[in-house]
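Enquirer: Everything in the sequence shown is counted per the numbering used here, starting at 2 for the first residue and increasing by one.
Structure below; questions to follow.
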Amino acid sequence: MIAALPMYDFPELREDTDAFWEGLRSHLAAAGLIGIPQALTRPTDFYAHWLDPNLLISQTCGYPLTHDLKGKVRYAATPGYDAPGCDGSTYRSFVIVRAADDIQRGSDLSGRVAAYNGADSQSGCNVLKLYLAGQGIANGLLREAIESGAHRKSVAMVKAGLADFCAVDCVTWTLLTALAPDEVTGLRILDQTAPAPCLPFITSRSLPVEDVASLRTGLSAAFNDDDLAPCREKLLLASLTVLDEAAYDVIPEQEMSARVAGWAQVA
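As structure tokens, then:
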């Protein structure tokens, strides 16, 4: 079996992520799971990783869950985060601009350059399209939209003047503010986007139902283990909820709303 916690696995947090996994691994074993890997995998090809039939646990974005991974992986649970912009098991994105720029409202983004992490990102792309549509900015009125490859890179592009704005999920922004304050100096939050469920934990579609229950039991125990509180605090992990998977339908609904407004893609 393989396991990964890749979504907020910043280099500065590797020790804390590994410490949380060590504790989670013990709780998964206590819940009756076998074949638990000793160490986390650090995938570079996320889709190959998520679709691996030997996947015990990973974390994905809600957009892949409701699109390319739909019906191909099994939803396990949803973590909640202790970060401004989060509310229980939901999160949102912050629209980031340079502090010195004369951008006072969302409509001022017309004619500007956007950076986004990837077309399959809920927080960096899908909800950004919805936000721009809500600001009355028609598709085609941006000067340019540049794919950066990662939220952190989008922030760097705005800081460097290579882009004028980006949408970054509130957990990433809070972590960057704490871990790498120099990277966000000179930037500010212009606005926030509509919410969606936080990034879900998933497992292989082939994992037996009884093992999924054990996985959830182990996760719940890890989220309530006082010994893991220090690493959970560093990782901003605050709660765990097993949602009705239909809660994630808000993501394709947001996509459709943006599409109806002309935003099939960021351009």
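Beta carbons: idealized from backbone N, C-alpha and C, even for Gly.
This one's a predicted model, so the numbers in the text were calculated from it and none came from an experiment.
(1) Identify the continuous beta strand (DSSP E) that holds I138 and give its terminal residues.
(2) Let me know if S155 comes out buried or exposed under the rule of 16 or more other beta-carbons within 10 Å of its beta-carbon.
(3) Please state whether the Cβ-Cβ distance between R26 and P44 is less than 9 angstroms.
(4) Checking 9 angstroms against the spacing of the C-beta atoms, do A4 and L41 come in under that value?
(5) Quick check on the DSSP output: what are the complete beta strand (DSSP E) runs of length 3 or more inside the segment 16 to 86, in order along the chain?
(6) List the DSSP bridge partners of L241.
(7) In angstroms, rounded to a whole number, what distance separates the CA positions of D10 and V185?
(8) Since T186 is in the beta strand (DSSP E), which residue starts that stretch and which ends it?
(9) Taking DSSP as the reference, what is the three-state secondary structure of V114?
(10) Looking only at C-alpha atoms, which of D228, S59, E23 and A139 sits nearest to G263?
(11) Give the DSSP-derived three-state secondary structure of Y92 in the structure shown.
(12) Between the Cα of E145 and the Cα atoms of D165, L131 and R153, which residue gives the shortest distance?
(13) At 3 residues or longer, and completely inside the segment 185 to 231: list those beta strand (DSSP E) runs for me, N to C.
(14) Along the chain, where does the alpha helix (DSSP H) containing I252 start, and where does it finish?
(15) Identify which residue in V169, D83, K71 and H28 has its Cα closest to the Cα of A115.
(16) Please go through the same chain and pick out, in chain order, the residues whose beta-carbon is closer than 7 angstroms to the beta-carbon of V243, but skip the five residues on each side of it.
(17) Taking 6 angstroms as the limit between beta carbons, can you name the residues of its chain near L238, skipping five residues before and five after?
(18) To which residues of the same chain is D121 closer than 6 angstroms at the C-beta, ignoring the five residues directly before and after it?
(19) For D109, which three-state DSSP category applies?
(20) Taking A222 and H28 to be in contact with their CB atoms under 8 angstroms, please state how far apart those CB atoms are, rounded to whole angstroms.
(21) Using only alpha-carbon positions, find the residue among G36, C126, N55 and I97 that is nearest to L191.
(22) Between the alpha carbons of E148 and G33, how many angstroms are there, rounded?
Expert: The relevant details are as follows:
(1) The residue you call residue 138 lines up with position 137 of the sequence shown. Per DSSP, I138 is not a residue of any beta strand (DSSP E), being assigned neither H nor E.
(2) For the purposes of this step, residue 155 is taken as residue 154 along the sequence shown, with counting starting at 1. Buried, because 16 or more other Cβ atoms sit within 10 Å of the Cβ of S155.
(3) Working through the sequence shown from its first residue, we reach residue 26 at position 25. Working through the sequence shown from its first residue, we reach residue 44 at position 43. No.
(4) Numbered from its first residue, the sequence shown carries residue 4 at position 3. Numbered from its first residue, the sequence shown carries residue 41 at position 40. Their beta carbons are under 9 angstroms apart, which means A4 touches L41 by this criterion.
(5) If we require 3 residues or more, the beta strand (DSSP E) runs fully inside the segment 16 to 86 come out as 56 to 60 and 74 to 82.
(6) Taking the sequence shown and counting its residues from 1, one reaches residue 241 at position 240. Answer is P80, bridged to L241.
(7) Locating residue 10 in the sequence shown gives position 9, counting from the first residue. Locating residue 185 in the sequence shown gives position 184, counting from the first residue. D10 and V185: Cα-Cα distance of roughly 18 angstroms.
(8) Counted from its first residue, the sequence shown places residue 186 at position 185. Counting along the chain, T186 falls outside any beta strand (DSSP E), and DSSP gives it neither H nor E.
(9) Here residue 114 corresponds to residue number 113 of the sequence shown, with the count starting at 1. Strand at V114.
(10) Residue 263 sits at position 262 when you count from the first residue of the sequence shown. For G263, the nearest C-alpha among the options comes from A139.
(11) As a first step, residue 92 is located in the sequence shown; it is residue number 91 there, counting from the start. Correct three-state label for Y92: strand.
(12) On the sequence shown, residue 145 is found 144 positions in, with the first residue counted as 1. The shortest C-alpha separation from E145 is found at D165.
(13) 188 to 193 and 202 to 205
(14) One-based indexing of the sequence shown puts residue 252 at position 251. Here the alpha helix (DSSP H) through I252 covers V251 to V261.
(15) The count along the sequence shown starts at 1 and reaches residue 115 at position 114. The residue with the shortest Cα to Cα distance from A115 is V169.
(16) Taking the sequence shown and counting its residues from 1, the one referred to as residue 243 is at position 242. Within the same chain, A78 and R217 come within 7 angstroms of V243 by CB-CB distance, once the 5 residues on both sides are set aside.
(17) Position 237 of the sequence shown, counted from the first residue, corresponds to residue 238. If we look at L238 and ignore the five residues flanking it on each side, its Cβ neighbours are P80.
(18) As a working note, residue 121 is residue 120 in the sequence shown. Excluding the 5 residues flanking it on each side, D121 has same chain C-beta neighbours closer than 6 angstroms at Y64 and P65, in chain order.
(19) In the sequence shown, residue 109 corresponds to position 108, counting from 1. In the three-state DSSP reduction, D109 falls in the helix class (H, G or I).
(20) Residue mapping note: residue 222 aligns to position 221 of the sequence shown, counting from 1. Residue mapping note: residue 28 aligns to position 27 of the sequence shown, counting from 1. Confirmed, Cβ separation roughly 4 angstroms.
(21) Sequence index remark: in the sequence shown, residue 191 carries index 190 (1-based). Selected option, being the one with the closest Cα: I97.
(22) Residue numbering aside, residue 148 sits at position 147 when the sequence shown is read from its first letter. Residue numbering aside, residue 33 sits at position 32 when the sequence shown is read from its first letter. Each residue's Cα considered, the two are about 43 angstroms apart.
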